[in-house]
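Residue numbers (the numbering used here): 11 to 288.
Notes follow the structure.
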Ligand SMILES: C[S@@+](CC[C@H](N)C(=O)[O-])C[C@H]1O[C@@H](n2cnc3c(N)ncnc32)[C@H](O)[C@@H]1O
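Written out as structure tokens, the structure is:
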């Protein structure tokens, strides 16, 4: 099982058994109902178009790599599911590109925001509160499953990946992202004693390259790309902001990427379900 190898940021993140499973899922839903991702940066009223645009701008400034690795316009007519869709910031991009989108999330507040986000843009999507470890969809329902920033927050990432594999059509692909144990951000947080975002979540894990590769066992293939290097942030203020934004970010990015690639905070993982449906 992946958990025996997966490093956790907190000891209790490893404590799972079958009886605790239901409670764990309830705990995850409760946490994420109260902690919408990136909400802290928003200045517009929650649920307004300005709010969603602000989240999009913030996200794609921070995750500059994402449009280079994920062709949001490349899935026209394809049935695309996002597991742990949050406020559907990425799903809007897929829907604009012509994909037929479905979003699920454990948090009802996320699903409400996701529905609003698409409706405000006259886009269509199907949204449901659902556990990505135990989905209601029949086998082979989707051409693409996108799971960015969710496997690390669920109680059993291997079970979620098995479900992703099950709901994919043969030949379908998964696009996923987890946090990298051997990364600049993890090292910096340890060195500076600074908590990582959502470190108080019921479950949060980091993965080595090898541990992430193990998650793709149902697929029998995978490609992993470390990404997400330091960019200036608005989250810090004062001396901390000056040191981080002007000194650290600048110095890090002077180094050639081939030297620092291993340390990307995000491990992007891609795999294809075999045509035989293995
Ligand atoms: C850090 S947020 C990421 C949201 C979005 N994918 C993004 O990248 O902005 C993690 C999301 O995963 C959801 N989540 C965690 N475990 C889940 C599970 N087992 N099934 C469905 N959603 C889950 C949470 O409710 C939360 O909305």
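Beta carbons are placed, not taken as given, at the ideal position from N, Cα and C, and that holds for glycine.
Bear in mind the structure is a predicted one, so any value in this text is a computation, not a measurement.
For residue 289, count neighbouring Cβ atoms within 10 angstroms of its own Cβ and tell me buried if that reaches 16, exposed if not. The question about residue 289 has no answer, for the chain in this structure spans 11 to 288.
What three-state label does DSSP hand residue 287 in the structure shown? With a pLDDT of 45 at residue 287, under the threshold of 50, the modelled position of this residue cannot be trusted, and the question is left open.
For a test of the three-state rule: what should DSSP assign to residue 270, helix, strand or coil? helix
Considering only residues of the same chain and omitting the five flanking positions on each side of residue 218, which have a CB-CB separation below 7 Å? 191 and 192
Note the first and the last residue of the continuous beta strand (DSSP E) segment covering residue 179. 178 to 189
Does chain C have any CB closer than 8 Å to the CB of residue 134? No chain C is part of this structure, which consists of one protein chain only.
Contact defined as beta carbons within less than 8 Å: I believe residue 57 pairs with residue 123. What is the distance between those atoms, to the nearest angstrom? 6 Å
How many Å lie between residue 207 and residue 168 at the Cα? 23 Å
Three-pair Cβ contact test at 8 Å for the region 132 to 140 versus the region 106 to 115: yes
Taking the C-alpha atoms as reference points, what is the distance between residue 186 and residue 199? 23 Å
Answer yes if the region 212 to 227 comes into contact with the region 240 to 253, meaning at least three C-beta pairs across the two stretches below 8 Å, and no otherwise. no
Given the structure, does residue 117 come close to ligand 1, in the sense that its CB is under 7 Å from one of the ligand's heavy atoms? yes
Cutting at 7 Å between CB atoms, please list the residues of its own chain near residue 55, excluding the five before and the five after it. 61
From residue 195 to residue 275, what distance separates their C-alpha atoms? 6 Å
For residue 188, collect the residues of the same chain with a Cβ closer than 6 Å to its Cβ; drop the 5 residues on either side in sequence, then sort them by chain order. 161, 162, 217, 222 and 277
Exposed or buried, what is residue 252 when buried is set at 16 or more other beta-carbons lying within 10 Å of its beta-carbon? exposed
Just to check my reading of the structure: residue 141 and residue 35 have Cβ atoms closer than 8 Å, yes? What is that Cβ distance to the nearest angstrom? 6 Å
Using a threshold of 8 Å, state whether the C-beta atoms of residue 290 and residue 46 are closer than that. Outside the shown range of the chain, which is 11 to 288, sits residue 290, and nothing can be said about it.
Whether residue 170 touches residue 259 by CB criterion (8 Å): no
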